[in-house]
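Visitor:
Protein chains in written order, with our numbering: chain A, 8 to 516; chain B, 61 to 584.
#1: Mind checking who residue 215(A) pairs with in its DSSP beta bridge?
#2: Using a cut-off of 9 Å between C-beta atoms, extract the partners of residue 345(A) located in chain B.
#3: Could you check what DSSP says for residue 475(A) in three-state terms: helix, strand or coil?
#4: What three-state label does DSSP hand residue 84(A) in the structure shown?
#5: Which same chain residues, not among the five before or five after residue 124(B), have their C-beta less than 7 Å away from its C-beta?
#6: According to a CB-to-CB cut-off of less than 7 Å, which residues of the segment 269-298 of chain B neighbour chain A?
#7: Considering only C-alpha positions, which residue in the set 210(A), 229(A), 218(A), 248(A) is nearest to residue 190(A)?
#8: Looking only at its own chain, which residues have a Cβ that is under 6 Å from the Cβ of residue 438(A), when we skip the five neighbours before and after it?
#9: Please state if the CB of residue 39(A) and the CB of residue 109(A) are separated by a distance shorter than 8 Å.
#10: With three or more beta-carbon pairs closer than 8 Å as the criterion, would you say the segment 116-135 of chain B touches the segment 148-162 of chain B?
#11: Pick from 42(A), 257(A), 488(A): whose alpha carbon is nearest that of residue 192(A)?
#12: Taking DSSP as the reference, what is the three-state secondary structure of residue 150(B)?
#13: I'd like to know whether the C-beta of residue 546(B) is nearer than 8 Å to at least one C-beta of chain A.
#14: Let me make sure I understand the geometry here. Which of 496(B), 404(B), 568(B), 434(B) has the alpha-carbon closest to that of residue 580(B)?
#15: Select from 491(B), 206(B), 326(B) the residue whose C-alpha is nearest the C-alpha of residue 137(B).
#16: At which residue ranges does the segment 387-451 of chain B contain complete alpha helix (DSSP H) runs of 4 or more residues, listed in the order of the chain?
#17: In whole angstroms, what is the alpha-carbon distance linking residue 316(A) and residue 418(A)?
#18: For residue 243(B) and chain A, any beta-carbon pair shorter than 8 Å?
#19: Just checking my contact of residue 355(A) with residue 292(A) at CB under 8 Å: how many whole Å lie between their CB atoms?
#20: The segment 91-116 of chain B: which residues have C-beta closer than 8 Å to a C-beta of chain A, in chain order?
#21: With 8 Å as the threshold, decide whether the Cβ of residue 505(A) is near any Cβ in chain B.
#22: Rounded to the nearest angstrom, what separates residue 460(B) and residue 496(A) at their Cα positions?
#23: Secondary structure at residue 143(B), three-state DSSP: helix, strand or coil?
#24: At a CB distance below 8 Å, what residues from the segment 446-477 of chain A approach chain B? Give them in sequence order.
#25: Considering only DSSP beta bridges, list what residue 97(A) is partnered with.
#26: Could I get the ranges of all uninterrupted alpha helix (DSSP H) runs contained in the segment 545-581 of chain B, with 4 residues as the minimum, in chain order?
#27: With burial defined as no fewer than 16 other Cβ atoms inside 10 Å of the residue's Cβ, what is the status of residue 327(A): buried or exposed?
#28: For residue 103(A), which residues in chain B fall below 9 Å Cβ to Cβ?
#29: First and last residue of the alpha helix (DSSP H) that includes residue 360(A)?
#30: Taking 8 Å as the cut-off, does the segment 282-302 of chain A touch the segment 237-246 of chain A (at least 3 CB pairs, one atom from each stretch)?
#31: Hey, does residue 154(B) have any beta-carbon neighbour from chain A nearer than 8 Å?
#32: Considering just the uninterrupted stretch of the alpha helix (DSSP H) at residue 235(A), what are its terminal residues?
#33: Using a Cβ-Cβ distance cut-off of 8 Å, determine whether residue 251(B) contacts chain D.
#34: Determine which residues share a DSSP beta bridge with residue 206(B) and list them.
#35: Is there a C-beta anywhere in chain B that falls below 8 Å from the one on residue 89(A)?
#36: Where does residue 400(B) land, buried or exposed, given buried means 16+ other C-beta within 10 angstroms?
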């Protein structure tokens, strides 16, 4: 009798109990991805569209699985000795970022349905969906991971499929070149951050973020340099993922070379991966190094937004793919804004609140930027070169689409009627001002004006008189759904900004 | 004057702010059956007149229901939480300072809508024109009605996009450049202003203007006040516009359509000076005291600079544009307003508020008249108009000429008309500035500003002589005189200019108690 009880105890201490509900969102995405890959073998050529709809449903299901988790924090894969130290935590921060990632992937999937259909056989459907879902699963795992090993695994699961997605177009030189650029620079960054992590592990003896936070304060004097190097190298890797300067150069070429929905996916989900990793490493694992990463991130933020916005400003509207190029450069600029509150978190005691502004801004940005990409995907169907000048007179041929794109662009610029864009910027500004980062706020203010110039130029173009006769085309249903969804989101958020801004006022962790 | 229950007043104020927005959305939809009118264009222009008319009626009822015995008390106030995360509240209310501006805005927009109904500016569809006009109205009215710093900023920004499109689409020559200049200048100013507003809000713990003006729980340190006044002041000064941040204004006015010019000068500029009075004076008095001498100095330079620029433009052979001339005269007039505010005395601030309203009425009228002149002759170039001897408007179109002369003498501050009181009170304020401000400096400013009034008189009389007088050549084409719809649009402005000039107490009685309260920082 007693030996049986003992065996049970042993089994409990060795075999971890897994909270399947907590890990459901990333798991479902991964499983559906595998299922689609297998199903691809058995589905006839005529019915390949089915795969797309299965993937969309899978992403929707995994996003829905966030609902039961809302009521409280959950954690799983904990240390058997210490139940407080866990590898996977589903707290508010995790849920919000997972919602952002899965929602973003869902919208990108809706755009992809049409793109794949238009491309015919040039894009392999089964692989495409598998890669997209795997990447989304990795991106959803990342905000939940609370140890450096899981974090890096999640990061790689999110990025490796993305390289393949960028280069997925058969026989397209630009596509493969973009993929190679993206791959090489990304792998270098990963290698660097892995080295950093190993240094941190060497000096603290743990990979768990919360334990690192404790132990790194009492590192042996001899290991100080090693620890500091480790911290810097780790941050570099994550800065790359957010496309922060000077790790931004891959962005424009990659976005242009990739299929449009993949570019949309990277601009939102790729960024979410980068900054949520950065938040976890800085705010959770290394709060004691705030005086080092705070100023570094502040400088990085200032550089990133300036370089991004100036790059966007220099786009000529008649050049091929200038619309995507502009969105790419502006996404670099927006990444700069996203970094501001994280930098501010290094200066205040209330780091949670500051980081919340990043989350709120990212939610706004995800909705409107995906919306802008959706409209770009629509325009790309009739004018494949996707020049900004192709948008001239869009109002005449598609009034509603033009109004919606104008709204998205003004949201990105942060001017009414894009009220949510304005208040998300106000939240970021107030994080900076609150932390005493007046100079950064001023740099950002100047950047907002620069950004307004190119966003408004594009907006104004939409309402100019068209050059030729407007042609009427039927809009495919998935594209309509994506545009409508993002537009409704943008309008609702503009009426009730509290829906996303509340994250900037509550504890996330 | 008449007794209206508080809840009706609240509704009216909310309606005044939100109504134009709903109207703008409705303008974009196709007209419902029964309201189709003769053509879609006519229907939507009529829609604009109806909506702005309804707003004007609501604003007038608000003014009637306003308790004139307690103009310093916030009335018709609504206070609802909107974005708790940023502590933004939908806090609306009017007192003696905002009420006149609210009514002026509603009136000018209505007159503009009425004028456009008969004389649509050349450009794309009237549908968008009406929608933009209504959004513009909503933004301006909201600026004067909100009592929350961030909401004020939102309202301040809301006018940018509509005004940009009004200039860029329905404007005259070089409109694109002028529109860009307008929006980039004002946006750069307003994001800097946002930083100042955030600083005040975060340091004091509230964004509520009423609480900030009365509550002394967490007083702002002088250094915070100085930074905040600098940041907010720059934003407001660009809008006002204060010399040397004015250079967007002449271009914008020259390129804008008549209606755009009227609203820009009549209403939008007031948002800047209103911000000085409503936010900076009560919330950051210490910071304001630090900058008051500089503000006054810039204001006085603006007065002289504006007048000299006008004199240069009015000269024969200078190829001066009438619209540009009136724009520069606005820089001078707004200089008086800023001088009044910089004195930080009740007299000066009352004068500033009075001059605000007077400038809105008179300059609005002048822009209407010049617009009408352009429609008839096809040009606003003084030299082309006047040729050798003068345009002889008195002979060709006596009523139009008479009205133009009236607008000019009202603008130069003839006693008995609206332009007189505000500038005189501003000068009086400078004669005895608030404690802590250097009196000799302000006496100097007063003397220079008084000299500026002489220059103003000079260029306006030159304009009258060159445009209205002169010999009529035998073969000259006849100009159409003032039409009925033009009378309808202009008479209210003329009448109010005379009323405000003869009965200044009607306005000062409203503003004075509120200003006293504001400067004393007491409870409401």
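For every residue, glycine included, the Cβ atom is placed at its ideal position computed from N, Cα and C.
Guide: In this structure, then:
#1: Looking at the DSSP output, residue 215(A) sits in a beta bridge with 154(A).
#2: None at all; the shortest Cβ gap to chain B is about 17 Å.
#3: Looking at residue 475(A) - three-state DSSP - the assignment turns out to be coil, as it is neither helix nor strand.
#4: If DSSP states are grouped into helix, strand and coil, residue 84(A) belongs with the strands.
#5: Correct list, in chain order: 61, 62.
#6: Those residues of the segment 269-298 of chain B that come within reach of chain A (Cβ to Cβ, closer than 7 Å) do not exist; the list is empty.
#7: The candidate whose alpha carbon is nearest that of residue 190(A) is 248(A).
#8: Shown here for residue 438(A): same chain residues with a beta carbon closer than 6 Å to its own, the five before and five after excluded, namely 348, 351, 361, 364 in chain order.
#9: No, Cβ-Cβ distance for residue 109(A) and residue 39(A) is not below 8 Å.
#10: Yes, they touch.
#11: Ranked by Cα distance from residue 192(A), the options 42(A), 257(A), 488(A) are led by 257(A).
#12: When secondary structure is reduced to three states using DSSP, residue 150(B) falls in the strand class.
#13: Judged by the 8 Å Cβ criterion, residue 546(B) is not in contact with chain A.
#14: Of the residues 496(B), 404(B), 568(B), 434(B), the one whose Cα lies closest to the Cα of residue 580(B) is 404(B).
#15: Each of 491(B), 206(B), 326(B) was checked against the Cα of residue 137(B), and the nearest Cα belongs to 206(B).
#16: 406-437, 442-446, all fully within the segment 387-451 of chain B.
#17: Take the alpha-carbon of residue 316(A) and the one of residue 418(A): they are about 16 Å apart.
#18: True, the Cβ-Cβ gap to chain A drops below 8 Å.
#19: Between the beta-carbon of residue 355(A) and that of residue 292(A) there is about 18 Å, and that puts the pair past the 8 Å contact cut.
#20: Those residues of the segment 91-116 of chain B that come within reach of chain A (Cβ to Cβ, closer than 8 Å) do not exist; the list is empty.
#21: Cβ-Cβ to chain B under 8 Å: yes for residue 505(A).
#22: The C-alpha of residue 496(A) is placed about 53 Å away from the C-alpha of residue 460(B).
#23: For residue 143(B), the three-state secondary structure derived from DSSP is strand.
#24: Answer set for the segment 446-477 of chain A: 448, 449, 452, 453, 455, 456, 459, 460, 463, 467, 470, 472.
#25: BP columns for residue 97(A) point to 81(A).
#26: Runs of the alpha helix (DSSP H) inside the segment 545-581 of chain B: 565-580.
#27: Under this definition residue 327(A) is an exposed residue.
#28: The contacting residues do not exist; residue 103(A) stays about 14 Å from chain B at best.
#29: The continuous alpha helix (DSSP H) containing residue 360(A) extends over residues 358-389.
#30: Counting Cβ pairs under 8 Å, three or more are found: they touch.
#31: No - not a single Cβ of chain A is within 8 Å of the one on residue 154(B).
#32: Element bounds for residue 235(A): 231-248.
#33: Protein chains in the displayed structure are A and B, and chain D is not among them.
#34: 152(B), per the DSSP bridge assignment.
#35: The beta carbon of residue 89(A) sits no closer than 8 Å to any beta carbon of chain B.
#36: Residue burial annotation: residue 400(B) is buried, with at least 16 other C-beta atoms found within 10 angstroms of its C-beta.
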